[in-house]
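Structure first, commentary second.
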Amino acid sequence: MILHPGILALIVGSCIVFVMMLYASVQGMSILAGWDFQSSSEKQLNLERRTYLISTIIKYALGFEVLSTLLFIYTVDDIHTLFVGAMCATGSLNANPVGWYALYAKILVFFSASLWIMLNNLDQKAEDFPLIRLKYTALVFITILIGFDFYFMMRYFLGLSPEVITSCCGSLFSSTTAGIAGELSSLSVRPMMGLFYATVVVFMVAALLCMKSTAAVLRYAVSLLSIVLLCVSLAAMVSFISLYIYELPSHHCPFDIFQKHYHFIGYPIYISLFCGVFFGILPGSFQPLKKISSLREKIVQSEKHWLLLSILFILIFVTLSSWPVVFGDFTMQGY
Amino acid sequence: MIKHKVFLGVTLLEITILLILFVYGHFTVTARAGSEVPAKRELVKYLKLTDLSLWTEARYTRHPSQADIFAPFQDFPCSLEHFPAGSIIAPENIVLPATRKPERPH
Amino acid sequence: MRHLKILEYALSSLLRRKYRNISLITVYALTISILASVLFLTHSLKLEAAHILIDAPDLVVQKLSAGRHDLIPSEYAKTIREIPGVGAAEPRYWGYYYDALSHSNYTLIGIDRNLPRLSLIEGRMPSGEGECAIGEGVAIARIVAVGDMMPLISSRDDVVLYKVTGTFRSESNILTNDLIVMGRKDLLQFFNLSADRATDITVTVHNPNEVTTIADKIKKTYPASRPITKNEIIRTYDAVFNWRSGMMLTIFASALIAFCILAWDKATGIGAEEKHEIGILKAIGWDTADILELKFWEGIVISLTSFLIGLIVAFVHVFFLNASILSPVIKGWSVLFPAFRLTPYIDIYQIFVLAFLTVTPYVASTIIPSWKTAITDPENVMRS
Amino acid sequence: MDSLIWTEQVTKRYNPRKPDEILAVDDVSLHIEKGEVVVLKGPSGSGKTTLLSLIGCMGRPTSGRIVIEGKDVAKLPERFLTLIRRRTFGIIFQQFNLIRNVSVLENVLLPLYPVEISFAEMRLRGGKILEDLGIQNRMHMKVNKLSGGEQQRVAIARALINGPEIIIADEPTAHLDRKLSTDLLRILEDLNTAGKTIVIATHDPFVYDHHFVKRTVEMRDGRLLNIQQT
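Chains as they are written, first to last, in this note's numbering: chain F, 65 to 399; chain A, 115 to 220; chain Y, 275 to 658; chain D, 48 to 277.
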């Protein structure tokens with residue numbers, strides 16, 4: 065355990081958010097148990113009013129999770145000096161690999177909480193609360209996810225012992241290391257580039273087709289493709305985009321681009337990627353809800369916007385991340 | 115109807131003051147990095163200093179990096195560590211490198 | 275547009291309860307400024323240490339005897355110098371001196387002659403016998419200046435007079451406050467040490483990557499020795515200050531908790547009048563979501579204002595007033611605590627951490643009370 | 048079916064199945080046409096106010112249907128009730144229910160804050176209504192500094208700011224003297240002439256005997272007694 069202000073802030077904040085989410089889930093359960101839309105009783109009215117509390121808590125929790133992901137990366141970057149051999153955030157994360165799970169959990173929480181909020185917005189547009197069961201069942205899962213996030217983060221920080229000699233980006237992402245991270249960077253650049261741009265093109269084509277046609281299959285395909293795109297893009301970040309941004313042939317760290325030294329280029333890159341993927345996931349996830357008559361019209365309306373936003377964000381992402389590849393001085397000849 | 119404008123104005127003003135303070139801080143840092151820091155490094159180099167002269171009350175608080183791990187309990191094995199600065203100083207073993215593991219007290 | 279209008283009403287609603295909200299902002303800003311002072315102070319010291327200790331010796335070799343620090347035979351230096359990769363290995367002579375006159379501890383350092391001219395000294399370094407250079411803290415405690423004689427009581431219990439040839443400038447206080455620098459011979463004599471022993475040995479290593487290897491080799495050659503690498507020194511300071519700010523934050527967190535209880539209390543105990551107001555708003559067409567947004571803006575106004583004020587106050591306190599309120603806490607019993615000027619090293623990260631530490635609990639403690647207010651039944655207004 | 052307001056067997060119970068259960072409105076069926084002036088009269092505790100709040104979408108009935116402009120609102124979630132209330136109703140309360148220490152203009156504009164219109168547009172509308180009611184010179188005063196009659200006008204201005212179809216007034220003359228009551232009724236009469244539907248709950252004979260009141264409905268213990276057509 066390292067008593068560090070950033071760690072303290074993260075633990076305290078996540079603890080508060082987790083407790084609030086637990087409270088929200090308990091409220092959600094009581095809504096599920098007592099919900100009777102046909103009744104005009106006081107009790108039903110109180111339950112309806114409780115939905116406001118829950119959606120408020122989730123909105124705050126989502127805001128917190130987004131910021132806490134950034135703070136987590138910063139903090140991990142800040143403490144790398146305490147580990148022998150760690151030169152950036154990756155090094156600190158390797159000092160206790162549970163840290164990676166915490167990061168994955170945070171990304172999952174981001175997507176699921178955002179989805180929940182979209183679900184909630186949609187539900188509020190209809191006059192008969194059509195999604196109440198779905199929403200509050202999903203709430204329990206989000207709470208569990210946030211619980212995992214909190215647990216992994218605690219395990220990570222508690223388990224950090226600064227003596228461990230960690231491998232940093234240099235060695236973790238150098239091609240000799242085994243494990244996923246090593247495999248990612250050992251993927252040779254050309255095929256990875258090909259895969260990345262191919263995925264982007266396929267995604268774009270699917271999304272554009274989706275805007276023209278109403279086929280359900282296309283919507284599921286777009287959602288699936290966005291998830292694939294997320295994975296491929298993250299792999300591409302590690303494999304070659306980072307190299308072009310840092311202009312170093314062996315520096316594969318996906319976090320350093322948040323730093324001032326690289327003009328904070330990481331923020332627009334990751335924000336556009338995550339937003340693009342999020343809006344890409346929406347059409348497929350909401351396709352089954354079209355069965356509900358009071359929602360059908362609203363989903364069809366919003367779908368166009370989502371697809372457009374998704375295409376736009378992904379375009380921004382691809383432009384930003386390809387800029388140094390296309391226009392940078394750095395070339396990968398011989399690597 | 116202008117309260118929000120006043121508020122936004124005041125907030126902007128506060129942010130500006132903060133920015134000015136930070137810019138001032140930045141300049142001070144740069145200025146000192148140019149003049150004082152090299153001079154201090156010179157002192158460190160020639161006098162072979164290893165520690166900051168902050169807490170002079172006990173040996174291990176004056177030279178935390180040079181103190182051995184028993185320093186706070188040096189008088190005899192059960193003596194309690196009692197210097198105020200000692201209570202806010204980190205236990206030294208958290209930076210013991212792996213090479214010196216056998217020396218740890220537990 | 276709608277958001278701005280709700281902000282407008284939030285401000286007007288806050289202004290109507292001026293005294294309550296001003297007191298809330300004051301307490302909040304104070305809490306934030308205390309926490310921010312702690313963070314700024316420790317961060318500044320941490321970076322200062324990291325920047326100036328870069329030139330510390332690559333390796334310091336101590337000798338341990340029964341787990342305690344012991345004098346090291348000077349001939350070790352010769353052996354160490356022969357390890358490949360080692361640039362220089364020199365014995366270092368230094369010790370502590372308790373001065374009964376000023377009730378404080380000094381650090382005595384013995385140096386060899388022919389040091390280059392140092393810029394942070396008023397006067398000159400000692401060059402002959404019976405001369406010394408002292409830190410500002412010593413000069414003030416003993417009321418001596420360059421050219422004066424300063425008596426110290428040696429280990430043989432006789433009074434030795436040293437001529438002060440130089441004092442270190444106050445800019446270097448953080449390093450030199452309690453130093454008395456004298457010739458090596460003088461120091462050996464003063465402490466009554468034998469000439470073949472030193473306090474420890476400093477080692478310069480050509481290739482910084484090999485420091486650990488060389489430390490291992492020294493440890494193998496002299497099992498009773500304890501090599502300390504420069505990286506460890508710097509990491510020690512990093513950890514010391516992280517720990518310190520963590521400790522102090524934990525302590526001052528009680529202030530934050532107290533504040534949150536206050537905020538919760540203020541938010542829960544809204545008066546009948548305020549509840550009536552919310553009822554009116556709902557009756558004339560405000561939705562629960564609008565009221566929640568109103569409460570959100572109230573929270574933003576209060577926390578943003580307090581946060582900015584707190585930061586400004588903390589900056590002024592730490593970097594213009596030299597943390598005068600906090601320093602008793604960190605001084606402890608150190609009689610010679612240096613009056614150093616802190617360097618305002620600040621980065622966004624500090625502010626981000628601070629925002630996290632202070633705003634999250636506040637927001638969390640107002641969510642439920644705001645919701646309770648927001649669900650006020652509009653019908654109540656009809657029957658009051 | 049084409050009545051503006053149409054209630055069918057509306058019942059409202061407070062604290063159901065508890066010792067302090069109150070049956071405030073019992074099986075009320077009432078039709079109000081567009082442009083009508085209807086007075087609900089009856090002693091206090093007869094359920095007038097509750098019925099008014101149900102019609103004004105401030106609460107949901109325990110059973111029965113309430114149809115406003117062709118839309119059944121009895122089962123709507125609160126936020127839709129709010130939308131209807133915001134668009135369709137102007138409410139004048141027994142107390143003026145103004146927000147103290149806030150200027151006249153702001154009080155009048157309050158219903159427009161959560162709506163998407165600009166500050167300038169809002170001010171324009173507020174200025175016009177205050178002018179119509181003859182209190183534009185009080186625009187920037189705090190409401191608690193005004194006389195009772197002026198406060199009443201501010202309350203009316205606030206009820207009219209969103210251009211409602213239906214005006215609901217709950218005991219509007221309870222705290223007014225004769226002269227102010229006359230003023231108020233004149234304003235209501237003008238509004239009615241302008242095509243607004245007006246529903247008033249009162250036990251003040253001065254109101255229900257006034258010449259512009261065309262229809263009086265008497266309530267007793269939550270039930271409608273008879274419907275008088277005058």
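From the three backbone atoms N, C-alpha and C, an ideal C-beta is built for every residue, glycine too.
Values in this document were obtained by computation on a predicted structure and should not be read as measured data.
Through-space distance from residue j to residue i, alpha-carbon basis
i      : j      : result
Y:P255 : Y:H480 : Residue 255 of chain Y falls outside the range modelled here, since chain Y spans only 275 to 658, and no answer is possible.
F:F338 : F:L294 : 8 Å
F:V389 : F:T278 : 36 Å
Y:W368 : Y:T478 : 18 Å
F:L209 : F:I363 : 27 Å
F:S89  : D:M186 : 48 Å
D:N184 : D:D230 : 18 Å
F:F391 : F:P332 : 18 Å
F:L289 : F:L172 : 17 Å
Y:R657 : A:L126 : 44 Å
D:V86  : F:K354 : 47 Å
Y:L523 : D:T96  : 56 Å
Y:K549 : Y:A303 : 27 Å
F:I229 : F:F147 : In this predicted model, F:I229 has a pLDDT of only 48, less than 50, meaning its place in the structure is not dependable enough to derive any value.
D:E236 : D:D251 : 17 Å
Y:D422 : Y:V434 : 13 Å
D:S165 : F:V286 : 39 Å
Y:Q507 : Y:Y380 : Correcting the residue type first, residue 507 of chain Y is Ile in the shown sequence and not Gln. Computed Cα separation, rounded: 21 Å.
Y:W560 : Y:E282 : 15 Å
F:G163 : Y:M521 : 24 Å
Contacts around residue i, its chain only, beta-carbon distance under 8 Å, and the 5 residues preceding and following it disregarded
i      : result
Y:R471 : L345, I346, P347 and S348
A:I116 : none
F:I22  : Outside the shown range of chain F (65 to 399) lies residue 22 of chain F, about which nothing can therefore be said.
F:L111 : S94, I95, G98 and W99
Y:A629 : F581
Own chain, CB closer than 6 Å to residue i, minus 5 neighbours either side, in chain order
i      : result
D:H258 : none
D:R270 : D73
F:S231 : The predicted position of F:S231 is uncertain, since its pLDDT is 47 and thus under 50; no value can be drawn from it.
Y:W538 : S639
Y:V587 : S307
Y:H591 : S311
Cβ distance (whole Å) where residue i is taken to contact residue j below 8 Å
i      : j      : result
D:I176 : D:I208 : 6 Å
A:L157 : Y:L394 : 6 Å
D:I247 : D:A216 : 5 Å
D:A121 : D:G106 : At roughly 10 Å, the Cβ-Cβ gap does not stay under 8 Å, so D:A121 and D:G106 are not in contact.
Cutoff 7 Å; reference residue i; Cβ partners in own chain excluding five residues on either side
i      : result
Y:A489 : L333, P501 and T503
F:V382 : V264
Y:I667 : In the structure as shown, chain Y starts at 275 and stops at 658, and residue 667 of chain Y therefore has no counterpart that could be examined.
Residues that residue i contacts on chain C, provided the C-beta gap is smaller than 7 Å
i      : result
D:E125 : Looking for chain C here will not work: the only protein chains present are F, A, Y and D.
What residue ranges within the stretch 423-508 of chain Y form continuous beta strand (DSSP E) runs of no fewer than 3 residues, ordered along the chain?
-> 423-427, 433-442, 453-457, 474-479 and 499-503
Which residue spans inside the stretch 75-160 of chain F form an unbroken alpha helix (DSSP H) run of at least 4?
-> 106-142 and 153-159
Below 7 Å between beta carbons is the criterion; list the residues of the stretch 48-78 of chain D that meet it against any residue of chain F, in chain order.
-> P63
At a Cβ cut of 7 Å, what residues of the stretch 277-307 of chain Y count as close to chain D, listed as they run along the chain?
-> K279, I280, Y283, S286 and R290
Name, going along the chain, the residues of the stretch 341-373 of chain Y whose beta-carbon falls closer than 9 Å to a beta-carbon of chain A.
-> G341, R342, H343, E364, R366, W368 and Y370
Short-range partners of chain Y found in the stretch 125-153 of chain A, where Cβ spacing is below 7 Å = T125, E128, I129, I131, L132, L135, F136, G139, T142, V143, R146, E150, V151 and A153
4 or more residues per run - each alpha helix (DSSP H) lying fully within the stretch 193-230 of chain D = 195-207
If contact means a Cβ-Cβ distance below 7 Å, which residues of the stretch 144-162 of chain F contact chain Y?
-> T145 and L146
Whole runs of the alpha helix (DSSP H) within the stretch 533-614 of chain Y, excluding any shorter than 4 residues | Counting only runs that start and end inside the stretch 533-614 of chain Y, the alpha helix (DSSP H) elements of at least 4 residues fall at 546-557, 562-589 and 601-605.
Under 9 Å (Cβ pairs) to chain F, residues found in the stretch 612-628 of chain Y = Taking a C-beta cut-off of 9 Å against chain F, the contacting residues of the stretch 612-628 of chain Y are D621, I622, Y623, Q624, F626, V627 and L628, listed in chain order.
Within 8 Å of chain F by C-beta, residues of the stretch 516-541 of chain Y in sequence order = N516, W517, S519, G520, M521, L523, T524 and A527
Got a sec: which bits of the stretch 93-112 of chain D sit with their beta carbon under 8 Å from any beta carbon on chain F, in order along the chain?
-> R107, P108, T109 and S110
Can you give me, in chain order, the residues of the stretch 66-82 of chain F that have a beta carbon less than 8 Å from any beta carbon in chain Y?
-> I66, L67, H68, P69, G70, I71, L72, A73, L74, V76, G77, I80 and V81
Residues within the stretch 493-513 of chain Y neighbouring chain F, beta-carbon criterion of under 7 Å = R509, D512 and A513
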